[in-house]
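Colleague: Just passing along the structure, written as structure tokens.
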Amino acid sequence: MWAALGAPTLACMQNTTAIQDHQRPAVETVGLTKRFNERTAVDDVSLVVPRGVAYGFLGHNGAGKTTLIRMLLGLTRSSAGSAKVLGLPVPASRAEALARVGAIVEEPSFYPYLTGRENLEIAAAIRGGGARKRIDGVVRRVGLEKRAGDRVGTFSLGMRQRLGVARCLLSDPELLILDEPMNGLDPAGMLDTRRMIRELVEDEGRTVFISSHLLDEVEKTCDVAAIIDRGRVIAQGSIDELVADRAAELVIECDDVERALVLLAQDHTVRELRSEHGTLRMSLIAPDQAGAINSRLVGAGVVVTRLEPARRSLEERFLEMTTRLEVAA
Amino acid sequence: MSVDLTVARRMIWAELLRLRKKRGFIALVLVAVIAPIVIATGYDVIQHASNPAAHGPAGGLHNYGRLLDMLGIFMGPVAAVLIGAEAGAGDLAAGVFRDNVLTGRSRTALFLARVPAAIAVTVTVIAIGFVVGVAATFAFAGGLPTPSATVILQSAAWLALANTVVCVVAIGAASLTGSRPGTITALIGWELVLSPLLVQSTTLGSMRHGLLDGVLLFLKPGPATGAPTITMSVAAAVVVVAAWMLVLPLLGAWRTRTRDA
């Protein structure tokens, strides 16, 4: 699956340590757990975030997203389990890892009485390295060159978010961790942020880890996602995999819906069948029966004009999974 | 090592930038230091002009002693507390502390960068007040004696010491509590009300030797102004000043290292 998402190919694998390091997952957690007294905020979370993707970490408010991010960044200690960021164990090698990471936790904060550029100068001074030389570039990168000389107190939330990303980029990070980057943005701001994240991934080869409760945005922005509910990861994989129905729901359009209904009602591979607005929707017992269904209909003289897997939104899938867990609880 | 020093220098510069660019705050601090000097001198000038027989000139050595009290014991330390509290907890108040921590830079380094920057701003502000005060001392001396160059230099060093100590204590307290308003209220209350009362309270005996105000008044150069003084050895005074400069900053550094970001 990761190969399809742009993970390094075998040909790229050289013997140098640096390249091997580059091939390690951007984030890897094993059994990561955080307890606050009796309450378990993050429960036995094992994640693998591959390199060079936009990774969505999806969950309701209070599901444990920010707590997990805080553990990854060494802002709070885990109660159990382990985490690696860019192949480095945290918190043991936190400083080394964070030198290659840009992160915004909750919302980006700045000194409101300083200009955008001055805020970046302060951040660059603390970062060290070549951060100061990157200020002009990152300001252009996030499209704030005309406002960088204005006081941050006059900035809109969207501009502060972009300035926050600019601050992250000062260290030329391999990994960006953005906690709820779409929060409070208007539709134009969301679109800007989405484009920027896609460019960071596709044009610059960075890994972007986004936590969000906005399912639609994760679906539009991310390649891979994990769904967290009440501290537990209940699903992870590519967006396509997550939205795919394991019961293999099919949508069929044909010239004779009534006849197709009769034929398929007698088919033992069909679990559920219904007609919706002139199309047939069915769930199959086994997902590999779509071809057989097509043959059966065509063999019976029904002209099939469309047959495809039903694609549900991530939101539907998310609600289905979390509701199922609530019922089970 | 040179890379570390470069980073340290830039971090101090960054702290200095954020302090000095807070223009309203710097204006407030300057007013707190200069306004009492201007008001007191102006009042004395008017009184002397209206009745020279009853009221002496507004300058001269006697008034110079009052200037030192103002800058070293009262309004100077108020300014030092304001600057120290801003340096110690300004990043927390703005929510930037977490972002600074996320750079991976050591929290101790983040704390240490606050100290020289805040001292630089404090000393600059006090120096401006001192220059204004010394100018008034000479300009309005009339026939009174004026302080010698040696006394002026000793006074400058003492003012730098007194306000640096208070500033560092304020940085430590603000870093420890994470609260600017709390630190400012507590330390100004201590500096202007509680500490002067305790210095005068002879029933406390040798316990007063631990009071910063008492020690600073003991070390004060120039003419006596009637302010209560505590007698002790210079070595003991140095130990007390060092203790004040170490204890709260160490606690502040510890809290900066352990604080939940």
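So the sequence lines, in the order shown, correspond to chains A and B. Heads up, the first sequence is in the numbering used here, so the first residue is 97 and it goes up one at a time. Heads up, the second sequence is in the numbering used here, so the first residue is 85 and it goes up one at a time. We treat Cβ as the ideally placed atom computed from N, Cα and C, and that holds for glycine.
1) Count the other C-beta atoms from every protein chain shown that fall within 10 angstroms of the C-beta of A/THR211, then say buried if there are 16 or more, exposed otherwise.
2) Could you say which of A/ASP299, A/THR136 and A/LEU287 lies nearest to A/GLY441 if we only look at CA atoms?
3) Residues of chain A with CB under 7 angstroms from B/TRP97, in chain order?
4) Are there 16 or more other CB atoms within 10 angstroms of the CB of A/GLU337, so buried, or fewer, so exposed?
5) Reducing DSSP to helix, strand and coil, say where A/VAL430 ends up.
6) What's the C-alpha gap between A/THR375 and A/GLY387?
7) Could you work out which residues of chain B lie near A/GLU217, taking near to mean beta carbons separated by less than 8 angstroms?
8) According to DSSP, simplified to helix, strand and coil, what is A/MET378?
9) So A/ARG355 is in the alpha helix (DSSP H); what residue range does that whole segment cover?
10) With distance defined between alpha-carbon atoms, name the residue in B/MET154, B/GLY126 and B/ALA142 nearest to B/ALA246.
11) Rounded to whole angstroms, what is the Cα-Cα separation between A/LEU251 and A/GLY225?
12) State whether the stretch 231–243 of chain B contacts the stretch 172–186 of chain B, with contact taken as three or more CB pairs (one from each stretch) at a distance under 8 angstroms.
13) Going by the C-beta, is A/ALA219 closer than 8 angstroms to any heavy atom of the ligand NAP?
14) Can you grab the Cα-Cα spacing for the pair B/ALA337 / B/VAL199, in whole Å?
15) Can you list, in chain order, the residues of the stretch 181–201 of chain B whose Cβ is nearer than 9 angstroms to any Cβ on chain A?
16) For B/LEU228, I'd like the list of residues in its chain whose CB is within less than 6 angstroms of its CB, leaving aside the five on either flank, ordered along the chain.
17) Tell me where the alpha helix (DSSP H) around A/VAL181 begins and ends.
18) Residues of the stretch 242–259 of chain B with a CB closer than 7 angstroms to any CB of chain A: list them in chain order, please.
19) Could you check whether the Cβ of A/ALA191 sits closer than 9 angstroms to any Cβ belonging to chain B?
20) Assuming A/GLU124 contacts A/LYS161 (C-beta within less than 8 angstroms), just tell me the rounded distance between them.
21) Name the chain B residues whose beta carbon is nearer than 9 angstroms to that of A/VAL201?
22) Give a yes or no on contact between the stretch 262–276 of chain A and the stretch 192–212 of chain A, applying the rule of three or more CB pairs nearer than 8 angstroms.
23) Do the CB positions of A/ASP275 and A/GLY155 come within less than 9 angstroms of each other?
24) Could you check which residue in A/PHE206, A/LEU357, A/SER379 and A/LEU415 has the C-alpha nearest to that of A/VAL400?
25) Which whole-angstrom value is the C-beta distance of A/SER308 and A/GLY152, which I expect to be below 8 angstroms?
Modeller: Let's see:
1) Around the beta-carbon of A/THR211, 16 or more other beta-carbon atoms lie within 10 Å, marking it buried.
2) Not covered by the structure: residue 441 of chain A. The range shown for chain A is 97 to 425.
3) Those are ALA221, listed as they occur along chain A.
4) Exposed is the call here.
5) Lying outside 97 to 425, the shown extent of chain A, residue 430 of chain A is not represented and no answer is given.
6) Taken atom to atom, the span from the alpha-carbon of A/THR375 to that of A/GLY387 is near 18 angstroms.
7) Neighbours of A/GLU217 across chain B, judged by C-beta separation under 8 angstroms: ALA98 and LEU101.
8) Collapsing the DSSP output to three states places A/MET378 in a strand.
9) A/ARG355 -> alpha helix (DSSP H) spans 353–361.
10) That would be B/MET154, whose Cα lies nearest to the Cα of B/ALA246.
11) Looking at the sequence itself, residue 251 of chain A is Phe, so the reference to Leu does not match. Going from the Cα of A/PHE251 to the Cα of A/GLY225 covers about 28 angstroms.
12) At 8 angstroms Cβ cutoff, the stretches do not touch.
13) By its list of ligands, the structure shown contains no ligand whatsoever, and the ligand NAP lies outside what it can speak to.
14) Roughly 11 angstroms between the two C-alpha positions.
15) Flagged, chain order: PHE181, ARG182, ASP183, ASN184, VAL185, LEU186, THR187, GLY188, ARG189, SER190, ALA193, LEU194 and ALA197.
16) If the five residues before and after B/LEU228 are omitted, its C-beta is found closer than 6 angstroms to the C-beta atoms of PRO141 and GLY144, all from its own chain and listed in chain order.
17) Where A/VAL181 is concerned, there is no enclosing alpha helix (DSSP H), although the beta strand (DSSP E) it sits in stretches over 176–181.
18) If the cut-off is 7 angstroms between Cβ atoms, the stretch 242–259 of chain B has nothing near chain A.
19) It does; some Cβ of chain B falls within 9 angstroms.
20) So it is not a contact: roughly 17 angstroms between Cβ atoms.
21) Scanning chain B for C-beta atoms nearer than 9 angstroms to the C-beta of A/VAL201 yields ARG182, ASP183, LEU186 and ALA345, reported in chain order.
22) Yes, the stretch 262–276 of chain A touches the stretch 192–212 of chain A.
23) With respect to the 9 angstroms criterion, A/ASP275 and A/GLY155 are not classified as neighbours on the basis of their beta carbons.
24) Nearest in C-alpha terms to A/VAL400, of all of A/PHE206, A/LEU357, A/SER379 and A/LEU415, is A/LEU357.
25) The Cβ separation is near 6 angstroms, so the contact holds.
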